[in-house]
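Notes follow the structure.
There are 2 protein chains.
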Amino acid sequence: MREDRSAGRVTLAQVASQAGVSLSTVSKVLNGRADVAAPTRVRIEGLLDEHGYRRSSPTPPEAPLLEIVFHELDSAWSMELIRGVQNVAKATGMSVVLTETGTRHSPGADWVEGVLRRRPLGVVLVFSTLPDELKKKLWSRAIPFVIIDPAGDPEPDVPSVGSANWAGGLAATRHLIELGHRRIAVITGPEDMICSLARLDGFRSALGMAGLEADPALVRFGDFHVGSGHAHALDLLDRPDRPTAIFAGSDLQALGVLEAARVLGLQVPEDLSVVGYDDIPPAQWSSPALTTVHQPLVEMAEEAARMLLRLRDTTDQTDARIELGTKLVVRNSTAAVGAVGAEPSGGGGAGSE
Amino acid sequence: MREDRSAGRVTLAQVASQAGVSLSTVSKVLNGRADVAAPTRVRIEGLLDEHGYRRSSPTPPEAPLLEIVFHELDSAWSMELIRGVQNVAKATGMSVVLTETGTRHSPGADWVEGVLRRRPLGVVLVFSTLPDELKKKLWSRAIPFVIIDPAGDPEPDVPSVGSANWAGGLAATRHLIELGHRRIAVITGPEDMICSLARLDGFRSALGMAGLEADPALVRFGDFHVGSGHAHALDLLDRPDRPTAIFAGSDLQALGVLEAARVLGLQVPEDLSVVGYDDIPPAQWSSPALTTVHQPLVEMAEEAARMLLRLRDTTDQTDARIELGTKLVVRNSTAAVGAVGAEPSGGGGAGSE
Numbered sequence: 001m002r003e004d005r006s007a008g009r010v011t012l013a014q015v016a017s018q019a020g021v022s023l024s025t026v027s028k029v030l031n032g033r034a035d036v037a038a039p040t041r042v043r044i045e046g047l048l049d050e051h052g053y054r055r056s057s058p059t060p061p062e063a064p065l066l067e068i069v070f071h072e073l074d075s076a077w078s079m080e081l082i083r084g085v086q087n088v089a090k091a092t093g094m095s096v097v098l099t100e101t102g103t104r105h106s107p108g109a110d111w112v113e114g115v116l117r118r119r120p121l122g123v124v125l126v127f128s129t130l131p132d133e134l135k136k137k138l139w140s141r142a143i144p145f146v147i148i149d150p151a152g153d154p155e156p157d158v159p160s161v162g163s164a165n166w167a168g169g170l171a172a173t174r175h176l177i178e179l180g181h182r183r184i185a186v187i188t189g190p191e192d193m194i195c196s197l198a199r200l201d202g203f204r205s206a207l208g209m210a211g212l213e214a215d216p217a218l219v220r221f222g223d224f225h226v227g228s229g230h231a232h233a234l235d236l237l238d239r240p241d242r243p244t245a246i247f248a249g250s251d252l253q254a255l256g257v258l259e260a261a262r263v264l265g266l267q268v269p270e271d272l273s274v275v276g277y278d279d280i281p282p283a284q285w286s287s288p289a290l291t292t293v294h295q296p297l298v299e300m301a302e303e304a305a306r307m308l309l310r311l312r313d314t315t316d317q318t319d320a321r322i323e324l325g326t327k328l329v330v331r332n333s334t335a336a337v338g339a340v341g342a343e344p345s346g347g348g349g350a351g352s353e
Numbered sequence: 001m002r003e004d005r006s007a008g009r010v011t012l013a014q015v016a017s018q019a020g021v022s023l024s025t026v027s028k029v030l031n032g033r034a035d036v037a038a039p040t041r042v043r044i045e046g047l048l049d050e051h052g053y054r055r056s057s058p059t060p061p062e063a064p065l066l067e068i069v070f071h072e073l074d075s076a077w078s079m080e081l082i083r084g085v086q087n088v089a090k091a092t093g094m095s096v097v098l099t100e101t102g103t104r105h106s107p108g109a110d111w112v113e114g115v116l117r118r119r120p121l122g123v124v125l126v127f128s129t130l131p132d133e134l135k136k137k138l139w140s141r142a143i144p145f146v147i148i149d150p151a152g153d154p155e156p157d158v159p160s161v162g163s164a165n166w167a168g169g170l171a172a173t174r175h176l177i178e179l180g181h182r183r184i185a186v187i188t189g190p191e192d193m194i195c196s197l198a199r200l201d202g203f204r205s206a207l208g209m210a211g212l213e214a215d216p217a218l219v220r221f222g223d224f225h226v227g228s229g230h231a232h233a234l235d236l237l238d239r240p241d242r243p244t245a246i247f248a249g250s251d252l253q254a255l256g257v258l259e260a261a262r263v264l265g266l267q268v269p270e271d272l273s274v275v276g277y278d279d280i281p282p283a284q285w286s287s288p289a290l291t292t293v294h295q296p297l298v299e300m301a302e303e304a305a306r307m308l309l310r311l312r313d314t315t316d317q318t319d320a321r322i323e324l325g326t327k328l329v330v331r332n333s334t335a336a337v338g339a340v341g342a343e344p345s346g347g348g349g350a351g352s353e
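Protein chains in written order, with the UniProt record's numbering: chain A, 1 to 353; chain B, 1 to 353.
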């Protein structure tokens with residue numbers, strides 16, 4: 001799209017005459033109106049693309065909208081991201097349009113036509129991608145989009161917001177080492193997700209810096225859900241040389257680890273230290289409250305929404321990538337190895353909300 | 001509005017001439033356009049109301065929207081309700097517009113103008129109310145609205161969806177009585193919320209049917225959050241004649257009770273049985289997994305969205321009230337009184353997700 005942008009501007013009148021249609025037909029297509037025959041629509045989109053047409057100053061709608069698109073609404077995460085976009089929307093008098101694409105990892109053509117009609121100020125995509133054709137349509141209408149990509153696997157040429165996964169894995173593991181733990185297990189996410197690998201590398205680097213080696217038997221890949229944390233922990237804690245600490249790849253996995261410990265009659269943190277990842281609200285509500293790596297989900301969504309508003313003011317599509325920092329939040333699920341009653345009294349977390 | 005509805009229909013032309021403005025000015029007001037002077041707008045709204053004007057067959061928008069309005073986005077609840085509305089929207093090719101009113105318990109005039117411009121198929125209000133003036137505006141534009149009111153305190157004349165709070169309190173308490181518990185404490189919600197009182201009455205009735213009396217010292221009012229469950233439980237469990245079971249008014253309060261028990265060195269369910277309320281996802285993730293009263297939040301939101309679509313097809317605003325059933329979900333936080341290891345092994349809940 002680079003050259004397109006530098007190309008001389010084409011007028012809609014020119015596009016109309018080349019397409020052999022009226023000006024109003026072209027603007028119907030621009031605005032995603034349904035009453036244009038498919039072949040005509042395709043021909044016009046082709047010309048808009050070929051000339052790199054971009055609506056210069058989109059008239060700001062009277063009821064401005066921000067769109068947020070999820071592949072799947074999942075209660076642990078999605079609410080934090082919705083809240084972040086909502087914060088920016090509320091502060092600027094906008095409303096938020098929510099779409100769930102369901103099974104497909106990218107929204108369909110029907111969705112984009114709706115967006116063209118609604119003329120939002122921008123689109124935030126969570127964990128989803130856009131086919132080039134849809135990207136071009138949004139670009140030609142000057143509707144910017146940003147991908148929130150906590151998985152850490154951004155598409156080139158698309159602005160995205162993520163967080164520092166490697167540093168998160170490092171901080172969690174260092175905390176456990178400082179508490180004297182040496183047999184530390186890790187249950188990370190799926191092997192094919194960049195964020196799982198980044199966190200695992202952070203884990204390994206922390207061990208390495210302390211002159212320790214990761215025992216391959218203590219490295220597990222899970223799926224970020226409670227069940228996988230529970231199953232891996234039952235297996236890990238059943239070993240004679242069981243780990244004294246487990247770093248879980250998500251708070252949900254960590255909750256599964258807590259339940260496995262309870263079932264096996266192990267006290268957390270006295271017999272086992274547990275660190276989660278994400279710091280979603282349930283991490284504060286568990287007993288004991290979870291020590292976890294705070295992933296700034298709300299702030300990531302706020303940043304994505306602000307990027308959209310900034311992108312509107314430039315005619316140039318940036319390919320910015322922003323990674324927000326992660327930080328360790330120490331609560332009651334970790335203690336010095338072998339410590340008894342080392343945990344702060346009063347049961348912190350639960351009371352603190 | 002009853003008489004209004006039965007009144008002979010007035011035409012927009014009549015309204016225009018009575019207001020001394022052009023027809024297009026009237027339709028601008030109908031569609032919430034900003035470019036009409038305030039006094040004119042007020043005069044026209046007045047005439048529309050006086051004549052009980054109602055847009056007869058609203059043109060279905062090309063990108064149909066459902067609106068959901070929250071007083072406050074709270075991660076424990078809101079996600080379930082959003083998901084319910086989203087389910088219906090997705091099934092019918094609609095998008096969902098999300099608005100958070102923040103501190104105010106009803107959306108403002110700015111919000112309603114946005115709604116008039118967006119022309120949604122309907123509006124779902126969560127825990128919020130509409131001033132009569134806004135109700136009239138939506139009614140005259142034939143934009144139906146439904147209130148999701150889990151608090152059980154519906155406004156007359158507004159369609160609403162709730163759930164069976166009294167029956168929920170009854171079922172939770174009966175379950176504990178059947179397990180042999182006699183010293184049963186209850187931590188319910190705020191004293192001024194109908195749902196708290198309904199659940200408490202269900203609790204008292206269950207005791208009464210079993211020939212038991214509620215010990216006033218074991219009846220507490222909380223605020224539905226983790227902290228109040230935690231604080232009340234610390235106090236209740238510190239008594240010489242401590243209860244053997246606690247029925248909490250929400251899952252969050254129940255999580256606070258679990259943490260209090262852990263801090264006091266009490267095992268759940270061996271030393272203390274705990275029942276929650278709501279059955280939000282974290283109830284399955286806690287250790288032990290919570291026995292709780294399932295409040296069908298997703299289904300309540302789905303029902304509200306379906307009511308909107310039905311209301312569109314009638315010219316008459318119904319004042320329907322639907323209450324969906326609640327049901328007890330038995331997990332691992334309750335056991336026979338004094339039982340040891342009575343709980344199913346394997347740690348059910350956490351593994352089951």
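All C-beta atoms in this analysis are idealised placements derived from N, C-alpha and C, irrespective of residue type, glycine included.
Mind pulling the chain A residues with CB within less than 8 Å of residue i?
i	result
residue 73/B	79, 82, 83 and 86
residue 190/B	Ordered by position in chain A, no residue passes the 8 Å Cβ test against residue 190/B, which lies about 17 Å from the chain.
residue 26/B	Simply none; closest approach about 17 Å.
Please report whether the beta-carbon of residue i lies at a distance below 9 Å from any beta-carbon of chain A.
i	result
residue 285/B	yes
residue 252/B	yes
residue 354/B	Outside the modelled stretch of chain B, which goes from 1 to 353, sits residue 354/B, for which no answer is possible.
residue 214/B	no
residue 95/B	yes
residue 178/B	no
residue 245/B	no
residue 226/B	yes
residue 373/B	Absent from the structure is residue 373/B, since the part of chain B shown begins at 1 and ends at 353.
Do you know how far the Cα of residue j is from the Cα of residue i?
i	j	result
residue 330/B	residue 168/B	13 Å
residue 367/A	residue 205/A	Absent from the model: residue 367/A. The displayed extent of chain A is 1 to 353, so no value can be given.
residue 63/B	residue 158/B	26 Å
residue 326/A	residue 21/B	59 Å
residue 295/A	residue 155/A	21 Å
residue 308/A	residue 222/A	34 Å
residue 240/A	residue 192/B	55 Å
residue 209/A	residue 227/B	40 Å
residue 86/B	residue 96/A	13 Å
residue 305/B	residue 328/A	41 Å
residue 125/B	residue 146/B	6 Å
residue 10/B	residue 117/A	32 Å
residue 311/A	residue 230/A	43 Å
Can you name the residues of chain B whose CB is closer than 7 Å to the CB of residue i?
i	result
residue 63/A	114, 117 and 118
residue 302/A	Under the 7 Å cutoff, chain B gives no residues; its nearest Cβ is about 14 Å from residue 302/A.
Residue i CB to nearest chain B CB: under 9 Å?
i	result
residue 90/A	yes
residue 334/A	no
residue 76/A	yes
residue 350/A	Only weak support is given to the placement of residue 350/A: the predicted model assigns it a pLDDT of 39, under 50, and the value that follows is read from those uncertain coordinates. True, the Cβ-Cβ gap to chain B drops below 9 Å.
residue 353/A	Its pLDDT being 35, under 50, residue 353/A is placed unreliably by the model, and the measurement read from it follows with that caveat. For residue 353/A, the answer is yes, since a Cβ of chain B falls inside 9 Å of its Cβ.
residue 337/A	no
residue 50/A	no
residue 258/A	yes
residue 38/A	no
Find the residues of chain B that neighbour residue i, judging by a C-beta separation of less than 9 Å, and give them in chain order.
i	result
residue 324/A	By Cβ distance, chain B contributes nothing, its closest Cβ being about 19 Å from residue 324/A, past 9 Å.
Give me the chain A residues within the contact set of residue i, using Cβ-Cβ distance strictly less than 7 Å, ordered along the chain.
i	result
residue 12/B	What residue 12/B touches in chain A: nothing, since even the nearest Cβ is about 21 Å away.
residue 100/B	86 and 90
Starting from residue i, find everything on chain B with Cβ-Cβ shorter than 8 Å and list it in chain order.
i	result
residue 242/A	Those do not exist, as residue 242/A stays about 17 Å from chain B at its closest Cβ, beyond 8 Å.
At a CB-CB cut-off below 9 Å, which residues of chain A make contact with residue i?
i	result
residue 107/B	Simply none; closest approach about 10 Å.
Taking 8 Å as the cut-off, is the beta-carbon of residue i closer than that to any non-hydrogen atom of the ligand NAP?
i	result
residue 209/A	What this structure holds is no ligand at all, so the ligand NAP is not there to describe.
Query raised in the report: Touching or not, the stretch 129-146 of chain A and the stretch 266-280 of chain A, by the rule of three or more beta carbon pairs under 8 Å?
Result: Because the criterion of three Cβ pairs below 8 Å is not met, the stretch 129-146 of chain A and the stretch 266-280 of chain A do not touch.
Report task. Return the chain-ordered ranges of every alpha helix (DSSP H) run that is complete within the stretch 142-175 of chain A and spans a minimum of 4 residues. Result -> With a minimum length of 4 residues, no continuous alpha helix (DSSP H) run stays inside the stretch 142-175 of chain A.
Query raised in the report: Touch check for the stretch 175-186 of chain A and the stretch 214-233 of chain A: three-plus C-beta pairs under 8 Å?
Result: Judged by Cβ distances under 8 Å, the stretch 175-186 of chain A makes contact with the stretch 214-233 of chain A, as three or more pairs qualify.
Query raised in the report: Curious, which full-length beta strand (DSSP E) runs of at least 3 residues does the stretch 19-103 of chain B contain?
Result: Qualifying beta strand (DSSP E) stretches, in chain order: 65-70 and 95-100.
Query - Runs of alpha helix (DSSP H) lying entirely within the stretch 246-322 of chain B, each at least 4 residues, in chain order - result: Listed in chain order, they are 251-263, 282-285 and 297-312.
Requested in this report: Determine, using beta-carbon pairs with one atom in the stretch 286-294 of chain A and one in the stretch 253-264 of chain A, whether at least three such pairs fall under 8 Å.
Outcome: Yes, the stretch 286-294 of chain A touches the stretch 253-264 of chain A.
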